[in-house]
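Numbering (this note's numbering), first residue to last: 5 to 175.
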């Protein structure tokens, strides 16, 4: 069993880059690439935190227009991703990405305040080039309203519509 404790410490730092997502909402036959600058912080406890995660990137696939607009109106939120180092080669750390559920409280929807949650599919592979580069892919899994599944995104849409990816460099 390989001990990666030094690698977790070496990965710690601030990373700035772009969050990418494909958007088919304007033209179903052509994907536009959404890009927004985002900062990420890697902590020693194997957590990557995005301070201002763009909610449009995960709400664009909501089929209910009223809910989609209510979520987009919230702007951005913090998001955490856990990672596990699975391998190391040529200073690249190969990671197993585990995004935490994004929970929005008090979303104005259908005349009331609701809890809206976005879950992600676990098990994507990311990369960290210690103190230089970070790549974090994530797949949207499902959307919940008040803890009840509203949309099963990953099983009902092309996976390319569900992917988000952060690519950044160390500050």
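We treat Cβ as the ideally placed atom computed from N, Cα and C, and that holds for glycine.
Inset, instruction - Identify every residue that forms a DSSP beta bridge with residue 174. - result: 19
Legend entry - Top-ranked residue by Cα proximity to residue 47, from 22, 15, 124: 15
Legend entry - Extent of the continuous alpha helix (DSSP H) run through residue 160: 157-160
Legend entry - CA-to-CA distance, residue 95 to residue 71, given in whole angstroms: 43 Å
Legend entry - Reduced DSSP category for residue 73 - H, G, I as helix; E, B as strand; rest coil: helix
Legend entry - Anticipated Cβ contact below 8 Å, residue 178 with residue 8, distance rounded: The structure shown does not extend to residue 178, since the chain is modelled only from 5 through 175, so no value can be given for it.
Inset, instruction - Please work out which residues of its chain come closer than 8 Å, Cβ to Cβ, to residue 22, disregarding the five sequence neighbours upstream and downstream, and give them in chain order. - result: 39, 40, 41, 42, 170, 171, 172
Inset, instruction - Leaving out five residues on either side along the sequence, give the residues of the same chain with a beta carbon under 8 Å from the beta carbon of residue 57. - result: 23, 42, 80, 81, 82, 83, 106
Inset, instruction - Can you have a look at residue 55 and say buried or exposed, based on whether 16 or more other CB atoms are within 10 angstroms of its CB? - result: exposed
Inset, instruction - For residue 133, name the three-state secondary structure that DSSP assigns. - result: strand
Legend entry - Extent of the continuous beta strand (DSSP E) to which residue 89 belongs: 80-93
Inset, instruction - Give, in chain order, every unbroken run of the beta strand (DSSP E) that is at least 3 residues long and sits entirely within the stretch 90-128. - result: 96-103, 106-113, 116-125
Inset, instruction - Provide the residue span of the beta strand (DSSP E) that contains residue 62, from first to last. - result: From DSSP, residue 62 is part of no beta strand (DSSP E) but of the alpha helix (DSSP H) over 59-63.
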